[in-house]
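Protein sequence lines correspond, in order, to chains A and B.
Under this note's numbering, the first sequence is numbered contiguously, ending at residue 305.
Under this note's numbering, the second sequence is numbered contiguously, ending at residue 564.
Step one of this worksheet: look at the structure below.
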Amino acid sequence: MMKDLSINIAGLHFKNPVTTASGTFGYGDEFLDFIDPGKLGGIFVKAVTGKNREGNAYPRMAETASGMLNSVGLQNKGIDHFCREIYPKIRNFNTNVIVNVSGSTIEEYIEVAEKINDLDDIPAIELNISCPNVKLGGMAFGTVPDMATEVTAEVRKVYKKVLMVKLSPNVTSITDLAKAVVDGGADAITLINTLLGMAIDAEKRRPVLSTITGGLSGPAIKPIALRMVWQVHKAVHIPVIGLGGIMNATDAIEFILAGASAIQVGTANFIDPTVSLKIVDGIDSYMERHKIKLVSDLVGALRTE
Amino acid sequence: MELKKKVQDLRVIETSRLNKRHFILELEAPEKLPLILPGQFVQALIKDSPSTFLRRPFSVHAVDYRKNSLRLLIQIKGPGTQHLSELKEGDPLNLIYPLGNSFSLPFTKDVLLVGGGCGVAPLLFLAQFLNHNNIYPTILLGFRTREEVSEIDAYAASGKVHVITDDGTEGEKGLVVDHSIFQLERLPFKKIFCCGPDAMMKAVAKIARMHKTDCEVSLENTMACGFGVCLCCITPTDKGNERVCVEGPVFNINRLKWQ
Chain A
1 MMKDLSINIA GLHFKNPVTT ASGTFGYGDE FLDFIDPGKL GGIFVKAVTG
51 KNREGNAYPR MAETASGMLN SVGLQNKGID HFCREIYPKI RNFNTNVIVN
101 VSGSTIEEYI EVAEKINDLD DIPAIELNIS CPNVKLGGMA FGTVPDMATE
151 VTAEVRKVYK KVLMVKLSPN VTSITDLAKA VVDGGADAIT LINTLLGMAI
201 DAEKRRPVLS TITGGLSGPA IKPIALRMVW QVHKAVHIPV IGLGGIMNAT
251 DAIEFILAGA SAIQVGTANF IDPTVSLKIV DGIDSYMERH KIKLVSDLVG
301 ALRTE
Chain B
306 MELKKKVQDL RVIETSRLNK RHFILELEAP EKLPLILPGQ FVQALIKDSP
356 STFLRRPFSV HAVDYRKNSL RLLIQIKGPG TQHLSELKEG DPLNLIYPLG
406 NSFSLPFTKD VLLVGGGCGV APLLFLAQFL NHNNIYPTIL LGFRTREEVS
456 EIDAYAASGK VHVITDDGTE GEKGLVVDHS IFQLERLPFK KIFCCGPDAM
506 MKAVAKIARM HKTDCEVSLE NTMACGFGVC LCCITPTDKG NERVCVEGPV
556 FNINRLKWQ
């Protein structure tokens, strides 16, 4: 059977709906021993900020039941280093290389977005208004609808290509935030970022993480992510990219049925660096089994009656 | 031989219990082993163990290219290592390997290896590697108690071994830094390689600095991925926060920010 796994998101062509989540795939080059990124729909590379950031102190990670907490805090060498050192190495990956853009102020988001707008081989950015691990900015922009609209609108003014906005699940109404970024001019929505959580070492009577709280990821958060993808898909007219605990093709299909046009593989990359390609194959065999010709026919195809 | 990282199912060909808390797994690769250097580590997948979501890192204890096998020395600490201790001959174990950098080949023959507890794991491989380069190191091994002293014959085949135990039931009594080797006015070594608990490595590093002796340590920070993308295992260095899994696990103490 001829099958078409390709997806169109805001005019951007993805050869399949499988991409990798920012912060779990480095800049892609760390994975070259394991997979060819060119076989993926896209890769979302590590967050880039205006200036060099050292991130938070060690320990930054706690393993939890079916998941993990992290408090990396956007460690990266800044936008100028990215343009000079990283971009030349990754621009020719035969896939959509999308940069996660972060900042502490609206001015910083604008600075980074403007500089990436000039990079010919980056077709989209993902605005990160949902990092729970930084003191200033990050999630602060993504939990108040007016601020989410404002930062999206300001970046929209300088960024001419596909603008995606990554939402935080740490809100009462995810649809209010989704509508807010649509108002700001977003072309697509990514969700969910990590859930704010905490781990305690009872023996030492101390928090495990240096920052006390951190972001929870992994299968533990999947039911919440599915629910939010479904709600947002119904509430807005722009495409949704879903993530949160996807470990295999079945998980990916569930997100697509809930309304995700594409999915991101995150924490699973740490456990199996080849898992994203296995998910592409698994989606293919699901379509074969269910006689589905177009993967786009599965998007939001959840039967609720 | 290539230095490419692999994700691969290896097969358990031997398990041996050293004592209550430690065991050795010997694993055979399905194809020719890649080149593995002393100090490098593997990330082992714990299957069907609900409380262990992430892989577990272990340094390579020994490599046998003729048998196409590698050995891991593992301490039982929690459900993940407990699960590994129950593996039987013939069972598969999925590894990502080889990971990290390695100990450097020293420009001197006056070499001291210092290991404490499970930190002795990479030192046997290192000692054998040094032997291939005509270096026969002094090896100081610290254990909690006599029951945990193990594989002394293997170390003795590669260098001059000294043992110290916390309770004095074997060799000298105390922590490795209490050993008489370190009480000499002039340390007869030009290079120290050290692996063990952080507090032990910091204490050894302090002595090395005092004697102006070059010293490399192997860090064991907790990590999620092991190949450089999660940025969880960082340690502050003279170049900012660096990844223990890629720029390490072996660092020269001059580059680390600990004092």
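Ideal placement from N, C-alpha and C gives every residue a C-beta, glycine not left out.
All values reported here derive from a predicted model rather than from experimental measurement.
What does the alpha-carbon distance come out to for the pair residue 550 of chain B and residue 344 of chain B?
Using only the alpha carbons, I get a separation of about 11 Å.
Pull up the CB-CB distance for residue 166 of chain A and residue 129 of chain A, whole angstroms please, since I reckon it's below 8 Å.
Contact holds; Cβ gap of about 7 Å.
When the Cα of residue 436 of chain B is compared with those of B:413, B:417, B:463, which residue comes out closest?
Ranking the options by Cα distance to residue 436 of chain B, first place goes to B:463.
Distance, Cα to Cα, residue 547 of chain B vs residue 540 of chain B?
Spanning the alpha carbons of residue 547 of chain B and residue 540 of chain B requires a straight line of approximately 6 Å.
Going by CA-CA distance only, name the one from A:47, A:59, A:49 that's closest to residue 538 of chain B.
Among A:47, A:59, A:49, the Cα nearest to that of residue 538 of chain B belongs to A:59.
Is residue 387 of chain A near residue 298 of chain A, with beta carbons less than 8 Å apart?
Past the edges of chain A, shown from 1 to 305, lies residue 387 of chain A, and the structure says nothing about it.
Anything in chain E within Cβ reach of residue 58 of chain A, meaning under 7 Å, just list it in chain order.
In the structure shown, chain E does not exist; the protein chains are A and B.
Cβ atoms of residue 265 of chain A and residue 47 of chain A: under 8 Å apart, would you say?
When the beta-carbon positions are compared, residue 47 of chain A and residue 265 of chain A stay at least 8 Å from each other.
Report buried or exposed for residue 331 of chain B, applying the criterion of at least 16 other Cβ atoms within 10 angstroms of its Cβ.
Flag for residue 331 of chain B reads buried.
Nearest-angstrom beta carbon gap, residue 56 of chain A and residue 71 of chain A [assumed within contact, 8 Å]:
Residue 71 of chain A to residue 56 of chain A, Cβ: 5 Å. Contact.
Nearest by alpha-carbon distance to residue 314 of chain B: which of B:336, B:329, B:320, B:324 is it?
If we check each option's Cα against that of residue 314 of chain B, B:336 comes out closest.
Is it right to say residue 65 of chain A is buried, meaning 16 or more other beta carbons lie within 10 angstroms of its own, or is it exposed?
Taking a 10 Å sphere around the C-beta of residue 65 of chain A, we find fewer than 16 other C-beta atoms and assign the residue as exposed.
Nearest-angstrom Cα separation, counted from residue 67 of chain A out to residue 220 of chain A:
Each residue's CA atom was taken as its position, placing residue 220 of chain A and residue 67 of chain A some 6 Å apart.
Spell out the partners DSSP gives residue 314 of chain B in its beta bridges.
DSSP output for residue 314 of chain B lists B:399 as bridge partner(s).
Since residue 550 of chain B meets chain A, which of its residues come closer than 7 Å, beta carbon to beta carbon?
What residue 550 of chain B touches in chain A: nothing, since even the nearest Cβ is about 10 Å away.
Could you run through the region 106 to 136 of chain A and flag, in chain order, every residue whose CB is less than 9 Å away from some CB of chain B?
Shown here is that no member of the region 106 to 136 of chain A has a Cβ falling below 9 Å from a Cβ of chain B.
Contacting residues, own chain, Cβ-Cβ under 8 Å from residue 177 of chain A (five flanking each side not counted)
Excluding residues within five positions, the ones whose Cβ falls inside 8 Å are 142, 143, 145, 148, 167, 168, 171.
For chain B, is any of its Cβ atoms less than 8 Å away from the one on residue 254 of chain A?
Chain B contact via Cβ: absent.
Please compile the residues from chain B whose C-beta is within a distance smaller than 8 Å of the C-beta of residue 75 of chain A.
Here the neighbours are 536, 539, 546.
Quick one: residues in its chain with C-beta nearer than 6 Å to the C-beta of residue 359 of chain B, no 5 flanking neighbours on either side, listed in chain order?
Only residues of its own chain outside the window of five on either side were considered, and among them 529 have a CB closer than 6 Å to the CB of residue 359 of chain B, listed in chain order.
Would residue 529 of chain B count as contacting chain A if we go by Cβ distances under 8 Å?
Residue 529 of chain B counts as touching chain A.
Closest Cα partner of residue 218 of chain A within the set A:253, A:195, A:5
Measuring C-alpha to C-alpha distances from residue 218 of chain A to each of A:253, A:195, A:5 identifies A:195 as the nearest.
What is the C-beta distance between residue 260 of chain A and residue 240 of chain A, in whole angstroms, given that I count them as a contact (C-beta under 8 Å)?
Rounded to the nearest angstrom, the Cβ distance from residue 260 of chain A to residue 240 of chain A is 5 Å, consistent with a contact under 8 Å.
Using a Cβ-Cβ cutoff of less than 6 Å, which residues in the same chain neighbour residue 347 of chain B once the five nearest sequence positions on both sides are dropped?
Excluding sequence positions up to five before and after residue 347 of chain B, its CB lies within less than 6 Å of the CB of 363, 400, 402, all in the same chain and listed in chain order.
With a cut-off of 8 Å on the beta carbons, I'd call residue 74 of chain A and residue 214 of chain A a contact; round off their distance for me.
About 13 Å; that fails the 8 Å criterion.
Beta-carbon of residue 158 of chain A versus every beta-carbon of chain B: anything under 8 Å?
Output row for residue 158 of chain A: interface = no.
For residue 277 of chain B, count the other beta carbons within 10 Å of its own beta carbon; 16 or more makes it buried, fewer makes it exposed. Which is it?
The question about residue 277 of chain B has no answer, for chain B in this structure spans 306 to 564.
What does the alpha-carbon distance come out to for the pair residue 43 of chain A and residue 159 of chain A?
Looking at the backbone, the Cα of residue 43 of chain A and that of residue 159 of chain A are separated by about 19 Å.
Using the C-alpha atoms, what's the distance from residue 5 of chain A back to residue 36 of chain A?
Each residue's alpha carbon lies about 17 Å from the other.
Contact check, residue 465 of chain B vs residue 440 of chain B under 8 Å by CB: the rounded distance?
Their Cβ separation, rounded to whole angstroms, is 12 Å, which puts residue 465 of chain B and residue 440 of chain B out of contact at 8 Å.
Where does residue 496 of chain B land, buried or exposed, given buried means 16+ other C-beta within 10 angstroms?
The residue in question, residue 496 of chain B, is buried, as its Cβ has 16 or more Cβ neighbours within 10 Å.
Is the shortest distance between the beta-carbon of residue 350 of chain B and the beta-carbons of chain A less than 8 Å?
Yes, its Cβ sits closer than 8 Å to a Cβ of chain A.
Can you pull the chain A residues whose beta carbon is under 7 Å from the beta carbon of residue 533 of chain B, in chain order?
The answer, in chain order, is 26, 30.
Rounded C-alpha distance that separates residue 193 of chain A from residue 404 of chain B
Inter-residue distance for residue 193 of chain A and residue 404 of chain B is about 29 Å (C-alpha atoms, whole angstroms).
Can you tell me the Cβ-Cβ gap for residue 96 of chain A and residue 123 of chain A, rounded? I've got them flagged as a contact below 8 Å.
Between residue 123 of chain A and residue 96 of chain A the Cβ distance is about 6 Å, and since that is below 8 Å, they are a contact.
In the DSSP assignment, find the alpha helix (DSSP H) that holds residue 148 of chain A and state where it starts and stops.
Counting along the chain, the unbroken alpha helix (DSSP H) around residue 148 of chain A starts and ends at 145 to 158.
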